[in-house]
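A.B. asks: My structure is below; once you've seen it, I'll send some questions.
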Amino acid sequence: MTQSRLLRSSVAGLVGLAALGSGLVMAGPAQAEAPARAAACKTIKITGGKVAVRMPDRGDTVADSNDRVTRYVYRGDKLRSCVIAIGRGQTYTKCGRTGYDWYIVRGGQVPLTCAKRV
């Protein structure tokens, strides 16, 4: 009797491992997508002297020059940006150039004219 009980528990354990193994195989492609999304992110380097990181007002997707400043970044700082906010119609003049678009970074948005991709 103990041998059959041992055999049943071994088979049950193998079935559990097989289910776990198939779950790991299923998780593989989902984990492979994460590095692909991370590859879309770019490192940007601040080229302006002292640049404000601005948070857009409620309901807005793109910052403007009058939005509140959350922090400052300085020349040479490197930030990570995965998205660019397209600000059609809203022009700004920052760092000696006129632009429309903003890099979205942690804490807000940085003018595209004050940074370059590294």
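Under mature numbering (1 follows the signal peptide of the UniProt record, and there is no 0), the letters of the sequence shown match residues -27 to -1, 1 to 91, in that order. For glycine and all other residues, C-beta sits at the position ideal for the given N, C-alpha and C.
1. Is Y47 buried or exposed, if buried means 16 or more other CB atoms sit within 10 Å of its CB?
2. Among the residues of its own chain, which have a CB less than 6 Å from the CB of A36, if the five just before and after it don't count?
3. Who are I77's beta bridge partners in DSSP?
4. So, are the CB atoms of K67 and G22 less than 8 Å apart?
5. Please go through the same chain and pick out, in chain order, the residues whose beta-carbon is closer than 6 Å to the beta-carbon of L(-4), but skip the five residues on each side of it.
6. In whole angstroms, give me the CA-to-CA distance for G62 and Y73.
7. Is residue 101 near R41, with beta carbons less than 8 Å apart?
8. Starting from R27, follow its DSSP beta bridges and name the residues at the other end.
9. Going by the DSSP bridge assignment, what does T71 pair with across the sheet?
10. Could you check the C-alpha separation between I17 and G80 for me, to the nearest Å?
11. I'd like the list of long-range same chain contacts for R70, defined as Cβ closer than 8 Å, with 5 residues on each side in sequence excluded.
12. Roughly how far, in whole angstroms, is the beta-carbon of Y45 from the beta-carbon of A25, given that I think they are within contact range, below 8 Å?
C.D. replies: In short, the structure shows the following:
1. Taking the sequence shown and counting its residues from 1, the one referred to as residue 47 is at position 74. Result: exposed.
2. If you number the sequence shown from 1, residue 36 lands on position 63. Taken in chain order, the residues that qualify are R27, P29, W75, Q82.
3. Reading the sequence shown from its first residue, position 104 is the one you call residue 77. Partner(s): V56, Q82.
4. Locating residue 67 in the sequence shown gives position 94, where the first residue counts as 1. Locating residue 22 in the sequence shown gives position 49, where the first residue counts as 1. Their beta carbons are not under 8 Å apart, which means K67 does not touch G22 by this criterion.
5. For the purposes of this step, residue -4 is taken as residue 24 along the sequence shown, with counting starting at 1. Note that L(-4) scores a pLDDT of 42, beneath 50, so its modelled location is shaky; the value from the coordinates is reported in the next line. Contacts found: none.
6. Within the sequence shown, numbered from 1, the residue matching residue 62 stands at position 89. Within the sequence shown, numbered from 1, the residue matching residue 73 stands at position 100. Roughly 7 Å separates the two Cα atoms.
7. This structure cannot settle anything about residue 101, because the visible part of the chain is limited to -27 through 91.
8. Position 54 of the sequence shown, counted from the first residue, corresponds to residue 27. The partner list for R27 (beta bridge, DSSP) reads V42, Q82.
9. Start at 1 with the first residue of the sequence shown, and residue 71 comes out as number 98. BP columns for T71 point to T66.
10. Within the sequence shown, the letter at position 44 stands for residue 17. Within the sequence shown, the letter at position 107 stands for residue 80. The alpha-carbon atoms of I17 and G80 are separated by roughly 15 Å.
11. Along the sequence shown, read from residue 1 onward, the residue named residue 70 stands at position 97. Counting only Cβ-Cβ distances below 8 Å, and skipping sequence neighbours, we find T86.
12. For the purposes of this step, residue 45 is taken as the residue at position 72 of the sequence shown. For the purposes of this step, residue 25 is taken as the residue at position 52 of the sequence shown. So it is a contact: roughly 6 Å between Cβ atoms.
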